[in-house]
Each structure stands twice: as structure tokens, then as C-alpha cells.
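Visitor: Pasting a structure below so you can have a look.
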Amino acid sequence: MELPYQQKFTIKAWAEEDRPREKLLQHGRRTLSDAELIAILIGSGSVTESAVELSKKILHSCQNDLNLLSKLSVQELCKFKGIGEAKAISIIAALELGRRRKEIELPPIEKINTSRDIFNVLLPYYKDLPHEEFWILVLAKSNKLTHKILISKGGQAGTIVDSKIVFKAALENNAANIILTHNHPSGNLRPSHEDISLTKKLVAAGKLMDIGVLDHVIITDDAFFSMADEGLM
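Quick note on the numbering used here: the sequence shown kicks off at 329 and runs consecutively.
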């Protein structure tokens, strides 16, 4: 006779490797695998598999990459049998806390000297986004960073940027210079024809208002492309 679910899947009935809470208490958090840590977050699995097995399945779908996992929405996580809205939210919240901790650990950048500085300032805002956004950095004299401003949000393929909004934000914040940035969720760093055309348009508009457009940087989760560095300005 098959045992009922409650008997088969109580924590005490699991093998040692499927009891992550006890393992953490006895051996410390660093001994746990990614799947075991996620299993603690979701608490229980489904009728047919334990929380650890379910966590392994979720990770496998993301190529065992936590960065890819952090891109999943609540709706996408809920497609896994045994994951409801509450469990999905717990996973997303934990990953977001990890991202914010990493952001806090970075020393603040007060002056923009290189394209790498631009990348480091804005990566926390762009990382893991499934859609495109367009931000500008507002600089005072001597390229001191004063503001980071979101100009527009779009879809996976692009976002609409209005030059009037860009320079309205620049003027309201007393910009001496600005830096344009946007992300490519696809991971492709190469600028499109539209990216280059927009950049030239904004550079020309900036000259009329005596506001320098110093660079346009395309950002992905782990790399960047500077149009200024590549001579495309």
C-alpha cells in the first residue's frame, strides 16, 4: 500500500541531504548548495518531489545560474508544480536582497573618469532587467556625478527616448554634461543603427544648449560598450 503524502514527505523522513535546515544548523550556511538554500525559502515541495528536488529542477531550467534565476517573474516561477505565488515571491525577494547587498558593498563613485565608472554606477539599476530602460547621468563641472535619472522604460526590443525629456531633466538639474546609457537584455552589446542615430541627434541638440553629451554606454549584466571609446560619438 502506498503511503499518504504526509507520511512520505515529512522532513524527518527525508535523507540527510534533503534536510537543508538541519544541515545549516549543524554545519553552517556555506555547506549548503544553491538548491538547498532555495529549498529553505520554499519550505516544501510537491506531492511527487521534495523541496530540494523541486529547487534543483528550477535551477536546471536556468542552467544552474542564479543570475538567470533572478530574471524569472512570479508568473514564470509559478509554472513549476509546487510553486505558488507566495513561494515565488520569497525566491524573488531573497535574490533581490542579495543584489542590494552587492550594491551597498560597492564604493560610491563621485566623479566619472572612465566608461568603466559609468558601468559600475548603473549596473545595479540595469542588472537582471527583462526589458530596456534608458538612464542619463548628470554631471557638474569636472565631471562630478550629481544625479542618475530614468528617462524611459520599454520592452525587450527597445525603448522610446524623447530628446525633450532628456534635456528637460538635464536643465532642471543644472547639468554641465550628461552621459546617455541604456541596457540590452539580450546580452548583445553592439549598438543598433537606431542607437547610433539617437546618439548623434542628442549630441547635436546638446551643443545648441551648451550641454556636453560625453558618451552613450550600452550595458548588459556583465559587460558594456562605450560609443565614445569606440569613436562613434
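Backbone N, C-alpha and C fix where the C-beta goes; we use that ideal spot for every residue, glycine too.
(1) Where does F447 sit, in a helix, a strand or coil, going by DSSP?
(2) With distance defined between alpha-carbon atoms, name the residue in G371, I507, P458, L369 nearest to I477.
(3) Buried or exposed: M555, going by 16 or more other Cβ atoms within 10 Å of its Cβ?
(4) For E522, which residues of its own chain have a beta-carbon under 8 Å away from its beta-carbon, when the five flanking residues on both sides are left out?
(5) Between P348, R427, I546, which has its C-alpha nearest L517's C-alpha?
(6) Is it buried or exposed for N441, if we count other Cβ within 10 angstroms and need 16 for buried?
(7) Tell me the rounded alpha-carbon separation between S401 and P458.
(8) Please look up how many angstroms separate the CB atoms of I366 and S378, rounded, as I've assumed it's under 8 Å.
(9) Roughly how far, in whole angstroms, is the beta-carbon of A532 from the beta-carbon of F495, given that I think they are within contact range, below 8 Å?
(10) Can you tell me whether R428 is buried or exposed? The criterion is at least 16 other CB atoms within 10 Å of its CB, across all chains shown.
(11) Jot down the residue ranges of each uninterrupted alpha helix (DSSP H) in the stretch 468-498, minimum 4 residues, whole runs only, in chain order.
(12) Relative to the C-alpha of N511, which candidate in L451, V466, K469 has its C-alpha closest?
(13) Leaving out five residues before and five after A363 in sequence, what residues of the same chain have Cβ atoms less than 7 Å from its Cβ?
(14) Any idea which residues DSSP pairs V545 with across the strands?
(15) Work out the CA separation of G483 and A498 for me, nearest whole Å.
(16) Mind pulling the alpha helix (DSSP H) runs of 4 or more residues that sit fully within the stretch 373-431?
(17) Might you give, ordered along the chain, the residues of its own chain that have their beta carbon closer than 6 Å to the beta carbon of K409, omitting 5 neighbours on each side?
(18) Go ahead and pull the three-state DSSP assignment for K528.
(19) Going by beta carbon distance, what residues of the same chain come within less than 6 Å of H475, once the five residues before and after it are set aside?
Guide: According to the structure data:
(1) helix
(2) I507
(3) buried
(4) G486
(5) I546
(6) exposed
(7) 9 Å
(8) In fact, because the Cβ distance is near 12 Å, the residues do not count as touching under 8 Å.
(9) About 12 Å; that fails the 8 Å criterion.
(10) exposed
(11) none
(12) L451
(13) V380, S383, K384, L387
(14) T509, S554
(15) 24 Å
(16) 379-389, 394-397, 402-405
(17) S374
(18) helix
(19) V466, N501
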